[in-house]
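Colleague: Residue numbers (my numbering), protein chains in the order written: chain X, 3 to 182; chain F, 384 to 575.
Quick look at the structure:
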């Protein structure tokens with residue numbers, strides 16, 4: 003083997019150290035991007051009473067209340083969020099995900115809620131879920147009230163905080179602090 | 384001459400190795416298939432998002448249940464397998480939608496839709512973390528020769544991709560000695 007051939011062979015072997023990780027990165031890029039955009043990783047805390055911008059709207063936690071307690075130790079919790087739409091094309095940012103989370107990492111997702119319910123104080127209230135509200139193609143300036151219901155252990159109610167994320171804006175999500 | 388022979392031999396060996404690697408590489412479906420979590424009846428099986436424990440398995444030729452005030456009866460030319468199980472969510476709200484009876488010849492039978500309105504049916508129920516496990520029934524309609532040496536496959540969805548699938552060994556005796564009741568009352572089982 004000539005000196006030139008030996009040099010090329012060495013370069014090729016050293017080149018593998020660069021090329022192999024590059025191949026893995028190129029092949030995995032699409033999957034990694036999909037994982038990144040479907041996960042809730044970057045938390046934005048929203049203080050009590052404050053609004054925060056997400057997905058073309060300003061969001062505020064309007065209410066979180068215990069609607070009913072059951073004999074098996076579970077509770078029905080209603081969460082109301084208010085949103086003022088700032089941009090068009092909200093439908094393009096769907097689906098939105100509202101959840102209740104506790105400090106241990108447990109997460110409760112919304113259950114089905116009929117279009118009209120009785121609030122704990124007896125008043126009739128219409129309910130709109132987050133996805134239904136966004137699907138109605140709200141225009142800039144529209145004010146939306148979103149109500150979601152959850153079933154969780156009664157003991158967890160005091161510790162949970164509502165969160166919201168929208169598909170086009172993940173991995174960012176909002177976490178609303180509650181009045182204590 | 385010897386050098387040429389050496390080159391040809393090296394090429395042949397390399398080709399053989401590449402062929403062996405290509406033939407032994409699992410297919411895409413297997414590489415991205417379910418991640419098994421193995422157990423047996425009575426074990427607490429912990430998958431990624433839910434826990435499952437199988438309690439009992441009963442066999443019958445006919446099933447009876449009452450729903451919305453009406454009596455229903457279901458018979459079969461095979462055997463009804465009624466599995467009693469408990470599900471619970473681990474850290475996030477989840478719904479377990481898929482249970483499959485895999486027989487000794489690896490034929491697969493989904494949970495029967497003929498009794499999906501029966502009381503106590505467990506599949507499709509929402510599970511919430513922190514709440515007590517939900518106990519209920521999973522019901523299959525299977526040929527009599529699929530009873531022995533079967534495995535129950537439980538997952539959130541049919542054909543999970545890179546997600547957990549509980550594989551529970553069902554140690555049931557061969558057909559000839561299995562206790563096959565003439566009729567099972569699902570209302571009584573659901574209330575137990």
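Glycine included, C-beta positions come from ideal geometry on N, C-alpha and C.
My assumption, with CB atoms under 8 angstroms, is that residue 104(X) sits in contact with residue 161(X). Please give the rounded CB distance.
Modeller: Here residue 104(X) is taken as the residue at index 102 of the first chain, counted from 1. Here residue 161(X) is taken as the residue at index 159 of the first chain, counted from 1. Right, the Cβ-Cβ distance comes to about 5 angstroms (below 8 angstroms), so this counts as a contact.
Colleague: Would you say the stretch 519-530 of chain F touches the stretch 409-418 of chain F, given that touching needs at least three Cβ pairs under 8 angstroms?
Modeller: Touching, no, given that fewer than three Cβ pairs across the two stretches are closer than 8 angstroms.
Colleague: Could you check what DSSP says for residue 159(X) in three-state terms: helix, strand or coil?
Modeller: Looking up residue 159(X) in the first chain gives position 157. Of the three classes helix, strand and coil, the one that applies to residue 159(X) here is helix, per DSSP.
Colleague: Does the distance from the C-beta atom of residue 79(X) to that of residue 179(X) stay below 8 angstroms?
Modeller: Start at 1 with the first residue of the first chain, and residue 79(X) comes out as number 77. Start at 1 with the first residue of the first chain, and residue 179(X) comes out as number 177. No, the pair does not count as a contact, with Cβ atoms beyond the cut-off.
Colleague: Would you report the Cα separation of residue 75(X) and residue 472(F), rounded to the nearest angstrom?
Modeller: Start at 1 with the first residue of the first chain, and residue 75(X) comes out as number 73. Start at 1 with the first residue of the second chain, and residue 472(F) comes out as number 89. Distance between the alpha carbons of residue 75(X) and residue 472(F) is about 16 angstroms.
Colleague: Within 10 angstroms of its Cβ, does residue 404(F) collect 16 or more other Cβ (buried), or is it exposed?
Modeller: On the second chain, position 21 is the one that residue 404(F) refers to. Label assigned to residue 404(F): exposed.
Colleague: In whole angstroms, what is the alpha-carbon distance linking residue 402(F) and residue 396(F)?
Modeller: In the second chain, residue 402(F) corresponds to position 19, counting from 1. In the second chain, residue 396(F) corresponds to position 13, counting from 1. Distance between the alpha carbons of residue 402(F) and residue 396(F): 10 angstroms.
Colleague: Does residue 390(F) come out as helix, strand or coil in the three-state DSSP assignment?
Modeller: Residue mapping note: residue 390(F) aligns to position 7 of the second chain, counting from 1. In this structure, residue 390(F) counts as helix in the three-state DSSP scheme.
Colleague: If you count every other CB in all the chains shown that lies within 10 Å of the CB of residue 559(F), and 16 or more means buried, which is it?
Modeller: Taking the second chain and counting its residues from 1, the one referred to as residue 559(F) is at position 176. Reliability of the predicted coordinates at residue 559(F) is poor, the pLDDT of 45 falling under 50, and no value is obtained from them.
Colleague: Starting from the Cα of residue 566(F), find the closest Cα among 451(F), 384(F), 462(F) and 574(F) and give me that residue.
Modeller: As a working mapping, residue 566(F) is identified with position 183 in the second chain. Checking every option, the nearest Cα to that of residue 566(F) belongs to 462(F).
Colleague: State the Cα-Cα distance for the pair residue 129(X) and residue 151(X), rounded to the nearest angstrom.
Modeller: Reading the first chain from its first residue, position 127 is the one you call residue 129(X). Reading the first chain from its first residue, position 149 is the one you call residue 151(X). If I take the Cα positions, the gap works out to 10 angstroms.
Colleague: Would you grab the beta carbon distance between residue 54(X) and residue 154(X) for me? Rounded to a whole angstrom, and I think it's under 8 angstroms.
Modeller: Position 52 of the first chain holds residue 54(X). Position 152 of the first chain holds residue 154(X). Not a contact, Cβ separation roughly 24 angstroms.
Colleague: If the cut is a Cβ gap below 8 angstroms, which residues of chain F does residue 76(X) touch?
Modeller: Within the first chain, the letter at position 74 stands for residue 76(X). Here the neighbours are 511 and 514.
Colleague: Does any residue of chain F bring its CB to less than 8 angstroms from the CB of residue 158(X)?
Modeller: Working through the first chain from its first residue, we reach residue 158(X) at position 156. With 8 angstroms as the cut-off, residue 158(X) counts as an interface residue toward chain F.
Colleague: Which chain X residues sit within Cβ distance under 9 angstroms of residue 474(F)?
Modeller: Against the second chain, residue 474(F) aligns to sequence position 91. Per Cβ cutoff of 9 angstroms: 106, 107, 108 and 109.
Colleague: Tell me whether the beta-carbon of residue 432(F) lies closer than 8 angstroms to the beta-carbon of residue 511(F).
Modeller: Along the second chain, read from residue 1 onward, the residue named residue 432(F) stands at position 49. Along the second chain, read from residue 1 onward, the residue named residue 511(F) stands at position 128. Against a cut-off of 8 angstroms, the Cβ pair of residue 511(F) and residue 432(F) comes out as no contact.
Colleague: Is the CB-CB distance between residue 469(F) and residue 438(F) below 8 angstroms?
Modeller: The residue labelled residue 469(F) in the question sits at position 86 within the second chain. The residue labelled residue 438(F) in the question sits at position 55 within the second chain. It is a contact, given that the beta carbons lie within the stated cut-off.
Colleague: Could you give the uninterrupted runs of the beta strand (DSSP E) lying entirely in the stretch 421-494 of chain F, keeping only those of 3 residues or more?
Modeller: Segments of the beta strand (DSSP E) lying fully in the stretch 421-494 of chain F: 433-450, 453-472, 481-485 and 491-493.
Colleague: Could you tell me the alpha carbon to alpha carbon distance between residue 544(F) and residue 387(F), rounded to whole angstroms?
Modeller: Taking the first residue of the second chain as 1, we reach residue 544(F) at position 161. Taking the first residue of the second chain as 1, we reach residue 387(F) at position 4. Answer to the nearest angstrom: the Cα atoms are 49 angstroms apart.
Colleague: Could you give the residue range of the beta strand (DSSP E) that holds residue 82(X)?
Modeller: By 1-based counting over the first chain, the position of residue 82(X) is 80. 76-87 is the span of the beta strand (DSSP E), which, as asked, contains residue 82(X).
Colleague: If contact is defined by three or more beta carbon pairs under 8 angstroms, each pair taking one atom from either stretch, is the stretch 527-537 of chain F in contact with the stretch 481-501 of chain F?
Modeller: The stretch 481-501 of chain F vs the stretch 527-537 of chain F: in contact.
Colleague: Within the 8 angstroms Cβ cut-off, does residue 149(X) reach chain F?
Modeller: The sequence position of residue 149(X) within the first chain is 147, counting from 1. Judged by the 8 angstroms Cβ criterion, residue 149(X) is not in contact with chain F.
Colleague: Excluding the 5 residues preceding and the 5 following residue 86(X) in the sequence, name in chain order all residues of the same chain whose CB lies nearer than 7 angstroms to its CB.
Modeller: Position 84 of the first chain holds residue 86(X). Only 59, 60 and 145 meet the Cβ criterion.
Colleague: Quick one: what's residue 525(F) bridged to in DSSP?
Modeller: Position 142 of the second chain, counting from 1, holds the residue named residue 525(F). The partner list for residue 525(F) (beta bridge, DSSP) reads 462(F).
Colleague: Kindly list the residues whose CB is nearer than 6 angstroms to the CB of residue 35(X), restricted to its own chain and excluding five residues on each side of it in sequence; keep chain order.
Modeller: If you number the first chain from 1, residue 35(X) lands on position 33. For residue 35(X), where only same-chain residues beyond five positions count, there are no Cβ hits under 6 angstroms.
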